[in-house]
Amino acid sequence: MSSSNRIHPTAVIDPAAQLHGSVSVGPYAVIGPGVRIGAGTSVGAHCVIEGETHIGEDNRIFQFASLGAAPQDKKYAGEPTRLVIGHRNTIREFCTFNTGTVQDRGETTVGDDNWIMAYVHIAHDCVVGHQTILANNATLAGHVHVGDHAIIGGLTGIHQFCRVGAHAMAGFASHVSQDVPPFMMVDGNPLAVRGLNTEGLRRRGFDAERVGALKKAYRALYRQGLTLDGALDALTRQADEAGGQAGSDVHQLRDFVAASRRGIVR
Numbered sequence: 016m017s018s019s020n021r022i023h024p025t026a027v028i029d030p031a032a033q034l035h036g037s038v039s040v041g042p043y044a045v046i047g048p049g050v051r052i053g054a055g056t057s058v059g060a061h062c063v064i065e066g067e068t069h070i071g072e073d074n075r076i077f078q079f080a081s082l083g084a085a086p087q088d089k090k091y092a093g094e095p096t097r098l099v100i101g102h103r104n105t106i107r108e109f110c111t112f113n114t115g116t117v118q119d120r121g122e123t124t125v126g127d128d129n130w131i132m133a134y135v136h137i138a139h140d141c142v143v144g145h146q147t148i149l150a151n152n153a154t155l156a157g158h159v160h161v162g163d164h165a166i167i168g169g170l171t172g173i174h175q176f177c178r179v180g181a182h183a184m185a186g187f188a189s190h191v192s193q194d195v196p197p198f199m200m201v202d203g204n205p206l207a208v209r210g211l212n213t214e215g216l217r218r219r220g221f222d223a224e225r226v227g228a229l230k231k232a233y234r235a236l237y238r239q240g241l242t243l244d245g246a247l248d249a250l251t252r253q254a255d256e257a258g259g260q261a262g263s264d265v266h267q268l269r270d271f272v273a274a275s276r277r278g279i280v281r
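Going by our numbering, the first residue of the sequence shown is number 16, and it counts up by one from there.
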């Protein structure tokens, strides 16, 4: 099929936009001059893709998505910033992803193989990793970081500058105003840690040794009444004792907690 046959005649594509010949574009879509779209990506009807937006290969962008619009930040004064989306993402209806701001990294980034459901908002300067799930109406305020394999439940809001660690899970309609450590399950308003994301870890191939080490780390952080400094010391000892991949997991948890600026959910 030729490139012209893949693009609906009602689509409006700026001549300066760079689309691979295999990209398909649906009816009434609008694509601006700063847009680059890689091979195999499909853009649904009525989508608007604007700004300096770079989209990788084999993404599925469903109808009515808005990607690359100016950040919803009153400090934004038209500076050149970007939105970068990786490969093999599913982006469902009515999603809104904004470009970055110069007050941060100047770029909003979405990685690879993410499953992003309808009405999800990813604000300026967010960083979303790989293989995440963002359920319907999940909302990421500015400067939020979401780690690989994290799951954000529907109608969950994440406060600006918060981080959600790798393999963490936030339940339905949660109010996330502090950092969520890796491997944990949280939900509620006020937010509370409900336990280790054991089932999610097993589904991703964590063996009994790795899960056991993380269970022990969870108890040190949340169940033994330790101060935060005491818990960090305990995690350091546990990581060194476990060694191998299990020790690396505990080190990852410990380093995330130690680096938190907003404080962790605890």
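Ideal Cβ placement from N, Cα and C applies to all residues, glycine included.
Could you give the distance in angstroms between the alpha-carbon of residue i and the alpha-carbon of residue j?
i, j, result
"PHE77", "LEU98", "18 Å"
"VAL161", "ARG178", "6 Å"
"ILE70", "HIS35", "11 Å"
"GLU65", "VAL135", "18 Å"
"VAL45", "VAL58", "10 Å"
"ASP222", "LEU170", "32 Å"
"TYR43", "ALA31", "18 Å"
"TRP130", "GLN146", "7 Å"
"ASP270", "MET199", "15 Å"
"ALA153", "GLY168", "7 Å"
"ASP255", "ARG218", "26 Å"
"ALA257", "THR242", "22 Å"
"LEU229", "GLY215", "13 Å"
"ALA92", "ARG51", "23 Å"
"GLY259", "HIS158", "33 Å"
Hey, residue i and residue j are a contact pair by Cβ (cut 8 Å); roughly how many whole angstroms apart?
i, j, result
"ALA185", "VAL201", "5 Å"
"ILE106", "ALA84", "Contact doesn't hold; Cβ gap of about 14 Å is too wide."
"HIS164", "HIS190", "HIS164 to HIS190, Cβ: 22 Å. No contact."
"GLY55", "ASP73", "4 Å"
"GLN175", "ALA156", "4 Å"
"ALA232", "LEU268", "6 Å"
"ASP140", "ARG103", "No, ASP140 and ARG103 are not in contact; Cβ-Cβ is about 23 Å, not under 8 Å."
"GLN253", "ALA235", "7 Å"
"LYS90", "GLN118", "6 Å"
"ILE148", "ILE173", "So it is not a contact: roughly 14 Å between Cβ atoms."
Using 10 angstroms around the beta-carbon of residue i, count the other beta-carbons present and answer buried if the total reaches 16, otherwise exposed.
i, result
"PRO3", "Since the first residue shown for the chain is 16 and the last is 281, residue 3 is missing from the structure and cannot be characterised."
"THR96", "buried"
"MET16", "In this prediction, MET16 has a pLDDT of 39, which is less than 50 and means its spatial position is unreliable; nothing more can be read from the coordinates."
"ARG225", "buried"
"PRO196", "buried"
"THR25", "exposed"
"GLN239", "exposed"
"VAL27", "exposed"
"ASN20", "exposed"
"ASP244", "exposed"
"GLY101", "buried"
"GLY278", "exposed"
Among the options, which has the Cα closest to the Cα of residue i?
i, options, result
"PRO86", "ILE279, GLU122, THR213, GLY220", "GLU122"
"VAL280", "LEU250, GLY210, ILE64", "GLY210"
"LEU206", "GLY93, HIS23, GLN193", "GLN193"
"ARG75", "VAL272, ASP270, ALA133", "ALA133"
"GLU94", "HIS102, PHE112, ARG120, LEU82", "ARG120"
"ILE137", "CYS110, ASP127, GLY126", "CYS110"
"GLY227", "ALA261, VAL40, ILE148", "ALA261"
"VAL125", "VAL143, GLY115, HIS139, GLU108", "VAL143"
"PHE187", "GLU67, ILE173, GLY203", "GLY203"
"ASN113", "HIS61, ARG276, LEU82", "LEU82"
"GLY53", "SER39, ALA92, LYS90, THR116", "SER39"
"HIS266", "ARG276, GLY180, ARG277, THR213", "GLY180"
Locate the beta strand (DSSP E) running through residue i, then write down its first and last residues.
i, result
"GLY210", "207-211"
"LEU170", "Here LEU170 belongs to no beta strand (DSSP E), and DSSP marks it neither H nor E."
"ALA249", "ALA249 -> not in any beta strand (DSSP E); alpha helix (DSSP H) instead, spanning 243-257."
"GLY220", "From DSSP, GLY220 is part of no beta strand (DSSP E); its letter is neither H nor E."
"VAL125", "122-125"
"ASN113", "111-113"
"THR147", "Neither: THR147 is in no beta strand (DSSP E) and is coded neither H nor E."
"GLY55", "Looking at the DSSP string, GLY55 is not in any beta strand (DSSP E), and its letter there is neither H nor E."
"HIS69", "67-70"
"ILE22", "First-last for ILE22: undefined, no H or E at that position."
"ALA84", "81-84"
What residue range is occupied by the uninterrupted alpha helix (DSSP H) comprising residue i?
i, result
"ASP276", "Position check: residue 276 holds Arg in this sequence, whereas Asp was assumed. Taken as a continuous stretch (DSSP letters only), ARG276 belongs to no alpha helix (DSSP H), as it is neither H nor E."
"GLY41", "Element bounds for GLY41: n/a, residue is neither H nor E."
"ARG51", "Not the alpha helix (DSSP H): ARG51 falls in the beta strand (DSSP E), residues 50-52."
Does any residue of chain B bring its CB to less than 8 Å from the CB of residue i?
i, result
"ALA138", "In the displayed structure, chain B is absent; only one protein chain is listed."
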